[in-house]
Amino acid sequence: MPSERLLRSKEVSEYRPRGYITVDVNENSEAVLIDGVVYLLETDLSEVTLGYYYRRKRVQEKYDEVYDPCSRPARRIFKRLSNNERVLKREIRWKLAALIVREAAKRQAVIVLERLQGARQPHD
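See the structure below:
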């Protein structure tokens, strides 16, 4: 059975930017400058990373005693934990990005990001 895709079209209106919203991305926070006022949005992504690190450490200690190292049940749990961590971090970043884009659209402003190291290069 062929896969069906739903297409949705949306009318987009262009506008001349009336201002700028600058964004500085850090590990635990994002600083956003809107109309001369700096807002610090806390993400606490390092706490999420540390929490999952300690969970993986406990699982590894437990399963190394019961089974041998690199056992299949432990690998399954590690896979689930890493997926949960990835999904949680993506959700936090997505919500912050949506908040910033919503404010930019409301103020008809352009979003300016810092030069991000290690970011993917655009395709030519």
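Everything in the sequence shown is counted per my numbering, starting at 154 for the first residue and increasing by one. Beta carbons: idealized from backbone N, C-alpha and C, even for Gly.
Closest Cα partner of A227 within the set E214, N236 and N237: That would be E214, whose Cα lies nearest to the Cα of A227.
Quick test of the definition: if touching needs 3 or more C-beta pairs under 8 Å, does the stretch 183-201 touch the stretch 214-223? Short answer: they don't touch.
Would you kindly check if the distance between the Cβ of R171 and the Cβ of Q261 is under 9 Å? Yes, the Cβ-Cβ distance between Q261 and R171 is below 9 Å.
Which same chain residues end up closer than 7 Å to V201 when comparing Cβ atoms and leaving out the 5 residues on each side of it in sequence? Excluding positions up to five away in sequence, the list reads E238, L241 and K242.
Using the C-alpha atoms, what's the distance from V176 back to E183? Going by the C-alpha atoms only, they are around 7 Å apart.
Following the continuous alpha helix (DSSP H) through G204, name the residue where it begins and the one where it ends. Run containing G204: L198 to V219, per the alpha helix (DSSP H) assignment.
Check each candidate in S224, I245, Y220 and K210 and name the one with the smallest Cα separation from L234. Minimum Cα distance to L234 is reached at K210.
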